[in-house]
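J.: Quick mapping for you: the protein sequence lines, in order, are chains D and B.
Residue numbers are given in UniProt numbering: position 57 of the first sequence equals residue 57, and the series is strictly consecutive.
Residue numbers are given in UniProt numbering: position 255 of the second sequence equals residue 255, and the series is strictly consecutive.
2 protein chains.
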Amino acid sequence: MATIDDVAKLAGVSKGTVSSVFSKKRPISQPVTDRVLSVAKELGYFPNHIARSLAIKKTMIVGLKMPISKEGSTTQFEIQMLNGVIKECTKHGYRILLDTLPEHEDLTQFSSDPVDGVIMLNPRKHDQRIERFEQMRIPLVLVGRPDPLESSISYVDNDNEQLAYEVGSYLLEQGHRSILFLNASANMTVSVDRVNGLKKAYEEQGIPYDNVHVMNFDRQQHATPMDYGYMSIMQMHEQVPFTAVVSDTDRVALGILRATRELGIHVPRDLSIVALSNDVRLAEEMSPKLTSVELSAETLGAEAGRILIQKMKDPSTVEQLIVDAQLIVRESTRSL
Amino acid sequence: MATIDDVAKLAGVSKGTVSSVFSKKRPISQPVTDRVLSVAKELGYFPNHIARSLAIKKTMIVGLKMPISKEGSTTQFEIQMLNGVIKECTKHGYRILLDTLPEHEDLTQFSSDPVDGVIMLNPRKHDQRIERFEQMRIPLVLVGRPDPLESSISYVDNDNEQLAYEVGSYLLEQGHRSILFLNASANMTVSVDRVNGLKKAYEEQGIPYDNVHVMNFDRQQHATPMDYGYMSIMQMHEQVPFTAVVSDTDRVALGILRATRELGIHVPRDLSIVALSNDVRLAEEMSPKLTSVELSAETLGAEAGRILIQKMKDPSTVEQLIVDAQLIVRESTRSL
DNA sequence: CTGAAAGCGCTTACAG
DNA sequence: CTGAAAGCGCTTACAG
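This is the structure:
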C-alpha cells in the first residue's frame, strides 16, 4: 500500500499538504489539490485509518459487547437491538465492532479495543467490566440495569415489573382469575421482576395470587421454547384450572397454540393467550394473531446508541432511560 | 490513559521491556516482570490496540460488509450467516467490524478500514468494490457469486439452480404436476436461477413446464412476506389448478398456511407445501411442520470466515465453495 | 535478559 | 496557502 509519504514525494509537496487535501481541514489551492489527487489515484493511495486514529485519538468505532450463547441462537430480541444500535450509530458516522466473547477473566490479557465507546448488553451482578471501562476512560452505556444500581452509570432498559403488572391488570380486568404463567428461566432477574409485577396487579385488585400457577423454562426439560409451550399445556391443562396463559415469548406461544389445537381448545374462546413478545412480526403472522407485549428492542438499541454518542462528545453525560413496553391486544385474548 | 512510557519510567525499565512483558515475545526475568505488572496495575495501564496495530500492521479485525435494507428487517438468513462468521472468526481471535452502509460511491472519501480482511455479502454486477480491495491488498471473500465469474475471486454460495432442481424433482416424483411457485422478487438473480432449476427438473422428466405458475414477490403489492403468501393463495386457488406450492421462504409459508386454513384446504392432504427456507426453527414450529430446504446460512458464513482466515495467512489462497442445500421432508408434503 | 533508537502512517500546532 | 518537525503509543531488529 502506498503511504502519504509516497504521495507527497511524487507530488512534490509535504505530507501535511497531502493530509489536508484528504481531510479538508485546511484549504489547499486547486492546482495542488488536483496534483495530489491524481498522484494518489495513480499510486492507489488510501489514507490509513489506523494511523489516523492513533494521531487524532479517535476511531469512530463503537464496541458492542453482546455475548452469544454457545447454542448460537441469537434471539430476535438481540437482533432487533443490534439493528437499533446499527442504525443510530451509522447515522452519526460510527461503525460497530462486535464483541461476542463470553468473558474476559484474565486482566492481564485485557487490552483496550480500538473503540471510542462501548455498549454492553446484560451486565452481570457486580460486573467488573464496568469499572474497567471507567478506568480506561471509555464511555459506556448498558442495555439492562447495572446490578448495584449506580447513579453514575448510563443505561437503557425495559421495566419488566411494570410490564408484567400491566399484563396482569389487563387479564384481571377481562375477568381472568386463574392464570398459567410460562415464565423465563428461574435464575434470570427478569423472571423475578415479572412475578413481582404480576403479584402487584393481583394485590391491587384484592384477588388471591394463588390462582396463578408459575412455571419456568428449563433447558434440561425443554428442547426448544416451542417445546416448552407445548409440553406445559399438555401437562397442565388437566392438573390446574386456568382461563389465560402468559407466555415467555412468542416462540413459546407457538407451542401453546399447537397444543390447544391438538386438545381441541379454542383460542380465545376457551383460553386467552398473552405473549411477552420479542418478535412482533411473528406475533402478527400467527393465527389467531397474538396479543403480545412489544418490548421495543430496536428502540432500546437506538437509544443506547444515542446516549453513547452524546457521551462520547461530553463524557460527563449520564442518562438512565426506561423504554416503554406496549401491550398490543390482537386476537388471542377475550374477556370472560 | 497511562501509556507504555509512563509504566517504563515508573518501573525503571525501557519501553521495550514493558512491551515484552505484555506480549511475551521475548523472555523477561521474573523480578522485572513482577515490577512492571504491578506498576501497570497501579497506573491502570492497558496496551493501546491502535498503536499496536500500526506497529505490527495487523488489527485482528475482519470487516463484514452487510448492507441493511432501509426497512431494517434483517432477514433470518443474514442473522444465521452473521452467526457463522462470528463463530469462526472468534475462534481464531478475530473480531468483526460491521459495515452496513449501502454503498460508497465517492472514491475520494473511501478510506481503508482498520481490518485485516473483508467478507462481503451479495456482490453486485461488476462490483467496483472488489477491485478496490484488491488494489488495497485486502484479502476478500464474497458470500454470493461475483457477477462476471472470476477464477481469482474467493467466494461461498449456494447453488440455487441445483436446489430448485431438487425441489422440482422431488415434487414430480411425488406425482405433482401443477405447481404454484411463489418466487422471490423478479429482479433478483436467485429468482432466475431457481426458475432454471425447476425447468430442468421438468425437462428431465419430459413433463410440460407450463404446468408451473410462477409469481414474484413485489414490495408494492405485498406488505409482508406473509401477506405475499396469503394473498397469492387467496387469489390463485380458483384461477389455476395446483397440487403443490413452492414458497420463497418460511415466512411466506406462514401466509400460505393461514390462507389454506381459511379456505378449508387441508395441508398436506389437498395441498403440498415446500419452502425454500431460511429459518429452520420456524419451519419446525409450524403446524404442520414445514417441508423445507435448509440453505445452511450459518455454514455459508462459517466457511467464508474460514477461507478468509486462510487467505489472511496466505494471500495467494483462492477458494470457491458451493455449500449444499438440503431438502428436509417434514409434514407439509405428501405423494399424490 | 535488557536498552536505545528507528519506524509504523498519519495529524497538527508553529512558522512563514 | 504550504512546509518542517514533533508527536500519537506501540514493536522490533540491533547491540550488548
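By construction, the Cβ of each residue, glycine as well, lies at the ideal position given by its N, Cα and C atoms.
Using the three-state DSSP reduction, which class does D/Ile-233 fall into: helix, strand or coil?
T.: The residue given as residue 233 of chain D occupies position 233 in the first sequence. D/Ile-233 falls in the helix class under three-state DSSP.
J.: From B/Ser-332 to D/Thr-249, what does the alpha carbon distance come to, in whole angstroms?
T.: Translated into the one-based positions of the second sequence, residue 332 of chain B becomes position 332. Translated into the one-based positions of the first sequence, residue 249 of chain D becomes position 249. Computed Cα separation, rounded: 25 Å.
J.: Buried or exposed: D/Glu-298, going by 16 or more other Cβ atoms within 10 Å of its Cβ?
T.: To locate residue 298 of chain D, count along the first sequence from 1; it is residue 298. With 16 or more other Cβ atoms within 10 Å, it is buried.
J.: Interface residues of chain B around D/Ala-51 at Cβ under 8 Å?
T.: Against the first sequence, residue 51 of chain D aligns to sequence position 51. In chain order: Leu-54.
J.: Thinking C-beta only, is B/Ile-309 closer than 7 Å to B/His-49?
T.: Taking the second sequence and counting its residues from 1, the one referred to as residue 49 of chain B is at position 49. Taking the second sequence and counting its residues from 1, the one referred to as residue 309 of chain B is at position 309. It is not a contact, given that the beta carbons lie outside the stated cut-off.
J.: The stretch 204–225 of chain B: which residues have C-beta closer than 8 Å to a C-beta of chain D, in chain order?
T.: Taking 8 Å as the Cβ-Cβ cut-off against chain D, the residues of the stretch 204–225 of chain B that qualify are Thr-224.
J.: Figure out for me which residue from B/Gln-235, B/Met-226 and B/Pro-241 has the closest Cα to the Cα of B/Ala-253.
T.: On the second sequence, residue 253 of chain B is found 253 positions in, with the first residue counted as 1. Nearest C-alpha to B/Ala-253: B/Met-226.
J.: Which residue comes first and which comes last in the alpha helix (DSSP H) that contains B/Ile-79?
T.: In the second sequence, counting from the first residue as 1, residue 79 of chain B sits at position 79. Where B/Ile-79 is concerned, the enclosing alpha helix (DSSP H) stretches over 76–91.
J.: Between D/Glu-105 and chain B, is the shortest Cβ-Cβ distance under 7 Å, so that the two count as touching?
T.: Within the first sequence, numbered from 1, the residue matching residue 105 of chain D stands at position 105. Because D/Glu-105 sits at a pLDDT of 41, beneath the cut-off of 50, its placement in the model cannot be relied upon, and the following sentence gives the value as read from the coordinates. No, D/Glu-105 lies away from the interface with chain B (no Cβ there is under 7 Å from its Cβ).
J.: With a 10 Å radius around its C-beta and 16 neighbouring C-beta atoms as the bar for buried, classify D/His-222 as buried or exposed.
T.: The count along the first sequence starts at 1 and reaches residue 222 of chain D at position 222. That one is buried.
J.: Report all residues from its chain with a CB closer than 7 Å to the CB of D/Gln-162; omit the five preceding and five following residues, and keep chain order.
T.: Translated into positions along the first sequence, residue 162 of chain D becomes position 162. Hits under 7 Å: Gly-197.
J.: Could one say the Cβ of B/Ser-287 lies closer than 7 Å to chain D's Cβ atoms, at least one of them?
T.: Indexing the second sequence from 1 puts residue 287 of chain B at position 287. Closer than 7 Å to some Cβ of chain D, the Cβ of B/Ser-287 qualifies, so yes.
J.: Taking a cut of 7 Å between CB atoms, which residues from the stretch 73–105 of chain D lie near chain B?
T.: So the close ones are Thr-74, Ile-79, Asn-83, Ile-86, Lys-87, Thr-90, Arg-95, Ile-96, Leu-97, Leu-98, Asp-99, Thr-100 and Leu-101.
J.: Interface residues of chain D around B/Ser-277 at Cβ under 9 Å?
T.: Start at 1 with the first residue of the second sequence, and residue 277 of chain B comes out as number 277. In chain order: nothing, as chain D lies at least about 15 Å away.
J.: Residues of the stretch 139–172 of chain D with a CB closer than 9 Å to any CB of chain B: list them in chain order, please.
T.: Listed by position along the chain: nothing, the set is empty.
J.: What residue from D/Met-136, D/Lys-25, D/Pro-27 and D/Ile-119 has the CA that sits closest to B/Leu-43's CA?
T.: Your numbering for residue 43 of chain B matches position 43 in the second sequence. The candidate whose alpha carbon is nearest that of B/Leu-43 is D/Met-136.
J.: What does B/Arg-137 touch in chain D if you count any residue whose Cβ is under 8 Å from its own?
T.: Position 137 of the second sequence holds residue 137 of chain B. Residues of chain D passing the Cβ test: Met-1.
J.: Tell me which same chain residues have a C-beta within less than 7 Å of the C-beta of B/Met-231, skipping the five on either side of it?
T.: Translated into positions along the second sequence, residue 231 of chain B becomes position 231. Only His-222 meet the Cβ criterion.
J.: Counting C-beta neighbours from all protein chains within 10 Å, is the total for D/Arg-258 16 or more, i.e. buried, or is it exposed?
T.: Here residue 258 of chain D is taken as the residue at index 258 of the first sequence, counted from 1. Per the 10 Å Cβ criterion, buried.
J.: Alpha carbons only, please: which of B/Glu-285, B/Val-39 and B/His-213 is nearest the one belonging to B/Lys-9?
T.: Position 9 of the second sequence holds residue 9 of chain B. Considering only alpha carbons, the answer is B/Val-39.
J.: For D/Glu-203 and D/Val-240, I'd like the C-alpha separation in whole angstroms.
T.: To locate residue 203 of chain D, count along the first sequence from 1; it is residue 203. To locate residue 240 of chain D, count along the first sequence from 1; it is residue 240. If you take the alpha carbons of D/Glu-203 and D/Val-240, they lie about 21 Å apart.
J.: Taking only the alpha-carbon atoms, compute the straight-line gap between D/Pro-268 and D/Asp-193 and give it to the nearest angstrom.
T.: Position 268 of the first sequence, counted from the first residue, corresponds to residue 268 of chain D. Position 193 of the first sequence, counted from the first residue, corresponds to residue 193 of chain D. In a straight line, the C-alpha of D/Pro-268 is about 27 Å away from that of D/Asp-193.
J.: Give me the subset of the UniProt domain "HTH lacI-type" (2–56) of chain D whose CB atoms are less than 9 Å from a CB atom of chain B, sorted by chain position.
T.: Residues passing the 9 Å Cβ filter: Phe-22, Leu-37, Ala-40, Lys-41, Gly-44, Phe-46, Pro-47, Asn-48, His-49, Ile-50, Ala-51, Arg-52, Ser-53 and Leu-54.
J.: Would you mind reading off the limits of the beta strand (DSSP E) that contains B/Arg-95?
T.: Position 95 of the second sequence, counting from 1, holds the residue named residue 95 of chain B. First-last of the beta strand (DSSP E) with B/Arg-95: 95–99.
J.: For B/Glu-150, which residues of its own chain have a beta-carbon under 6 Å away from its beta-carbon, when the five flanking residues on both sides are left out?
T.: Looking up residue 150 of chain B in the second sequence gives position 150. Nothing listed; no residue qualifies.
J.: Beta-carbon within less than 7 Å of B/Tyr-170's beta-carbon, same chain only, minus the 5 sequence neighbours each way: which residues are those?
T.: For this step, residue 170 of chain B is matched to residue 170 along the second sequence. Cβ within range, chain order: Leu-327.
J.: As an exercise, report each continuous alpha helix (DSSP H) stretch of at least 4 residues that is fully enclosed by the stretch 115–150 of chain B, in chain order.
T.: Entirely contained in the stretch 115–150 of chain B, the alpha helix (DSSP H) runs reaching 4 residues are, in chain order, 128–135.
J.: Give me the residue from B/Asp-5, B/Leu-140, B/Lys-199 and B/Val-274 with the minimum Cα distance to B/Gln-174.
T.: In the second sequence, the residue the question calls residue 174 of chain B occupies position 174. Selected option, being the one with the closest Cα: B/Val-274.
J.: With a 10 Å radius around its C-beta and 16 neighbouring C-beta atoms as the bar for buried, classify B/Gln-109 as buried or exposed.
T.: Translated into the one-based positions of the second sequence, residue 109 of chain B becomes position 109. Low local confidence applies: a pLDDT of 48 at B/Gln-109 is under 50, so the model's placement there is unreliable, with the coordinate-based value given in what follows. With fewer than 16 Cβ atoms within 10 Å of its Cβ, B/Gln-109 is classed as exposed.
J.: Along the stretch 281–306 of chain B, where does the CB come closer than 9 Å to a CB of chain D? Name the residues.
T.: If the cut-off is 9 Å between Cβ atoms, the stretch 281–306 of chain B has Arg-281, Leu-282, Glu-284, Glu-285, Met-286, Ser-287 and Glu-298 near chain D.
J.: Three-state secondary structure (DSSP) at D/Thr-33?
T.: As a position in the first sequence, residue 33 of chain D is number 33, starting the count at 1. Three-state DSSP puts D/Thr-33 in a helix.
J.: Let me confirm a value: D/Arg-219 is counted as buried when at least 16 other C-beta atoms fall within 10 Å, else exposed. Which label applies?
T.: Residue mapping note: residue 219 of chain D aligns to position 219 of the first sequence, counting from 1. By the 10 Å Cβ count, D/Arg-219 comes out exposed.
J.: Excluding sequence positions up to five away, which residues of its chain have a Cβ less than 6 Å from the Cβ of D/Glu-88?
T.: Locating residue 88 of chain D in the first sequence gives position 88, where the first residue counts as 1. The residues are Ala-302, Gly-305 and Arg-306.
J.: Using a 10 Å radius around the Cβ and a threshold of 16 neighbouring Cβ atoms, would you call D/Ile-119 buried or exposed?
T.: Working through the first sequence from its first residue, we reach residue 119 of chain D at position 119. It counts as buried.
J.: The beta strand (DSSP E) with D/Thr-299 in it runs from where to where?
T.: Stepping through the first sequence from its first residue, residue 299 of chain D is reached at position 299. Segment 297–313 is the alpha helix (DSSP H) holding D/Thr-299; no beta strand (DSSP E) there.
J.: Taking Cβ to Cβ, would you say D/Ile-79 is nearer than 7 Å to B/Thr-74?
T.: Numbered from 1 along the first sequence, position 79 holds the residue referred to as residue 79 of chain D. Numbered from 1 along the second sequence, position 74 holds the residue referred to as residue 74 of chain B. Cβ atoms of D/Ile-79 and B/Thr-74: closer than 7 Å.
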